[in-house]
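> Have a look at the structure that comes next, please.
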Ligand SMILES: Cc1cc2nc3c(=O)[nH]c(=O)nc-3n(C[C@H](O)[C@H](O)[C@H](O)COP(=O)(O)O)c2cc1C
């Protein structure tokens, strides 16, 4: 099986999930116990700060039983230059294969440096793919996902 395990607060990750589904990846959306709700200034401050502190959000149980030959791609928005807190929780809960697991990161801008460091520090070996603001640049999504 191929899985796309991702979080999305405002639709960009969902858009990528649709593309990944066409490539045979089963989308598994991570849900927060306390939903993110509408994105606003104070939420960006609050959750951004939590991401800076590498917090793990409380998430609903994910229905996934991994087999050794399963392929997993993780999708995360960028929060304060880092991975989103629901994805921190997923990475903590599951023993994904460090060699084969890929990452798709979707920032609004270009800053993703600290997230790269986080992924590297956790031992993942594949270079993440960056898709800046997929909903605004849908034509680039297909092109950048061609390696999956
Ligand atoms: C709490 C928070 C912090 C964010 N911090 C950054 C950031 O540091 N750099 C950036 O490029 N985008 C940042 N963004 C924007 C999101 O990464 C971007 O809009 C992303 O594509 C959203 O994906 P989604 O719609 O699937 O949730 C932030 C968004 C939120 C909600």
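In the numbering used here, the protein residues as written are 143 to 290. Built from N, CA and C at the ideal position, the CB exists for glycine as well. Quantities reported herein were computed from a predicted structural model and do not represent experimental measurements.
#1: List the residues that DSSP assigns as beta-bridge partners of residue 246.
#2: Looking at residue 220 and residue 248, is the spacing between their C-beta atoms short of 8 Å?
#3: Return the Cβ separation of residue 276 and residue 154 in integer angstroms, given the expectation that the two are a contact with Cβ distance under 8 Å.
#4: With respect to the alpha helix (DSSP H) encompassing residue 283, which residues constitute its N-terminal and C-terminal limits?
#5: Short of 6 Å in beta carbon distance, which residues of its chain neighbour residue 157, apart from the five on each side in sequence? Order them along the chain.
#6: Flag this pair as yes or no: are the beta carbons of residue 181 and residue 228 separated by less than 8 Å?
Looking at the coordinates:
#1: 217 and 271
#2: Contact flag set, yes.
#3: 5 Å
#4: Under the DSSP assignment, residue 283 falls in the alpha helix (DSSP H) whose first and last residues are 280-286.
#5: 276 and 277
#6: no
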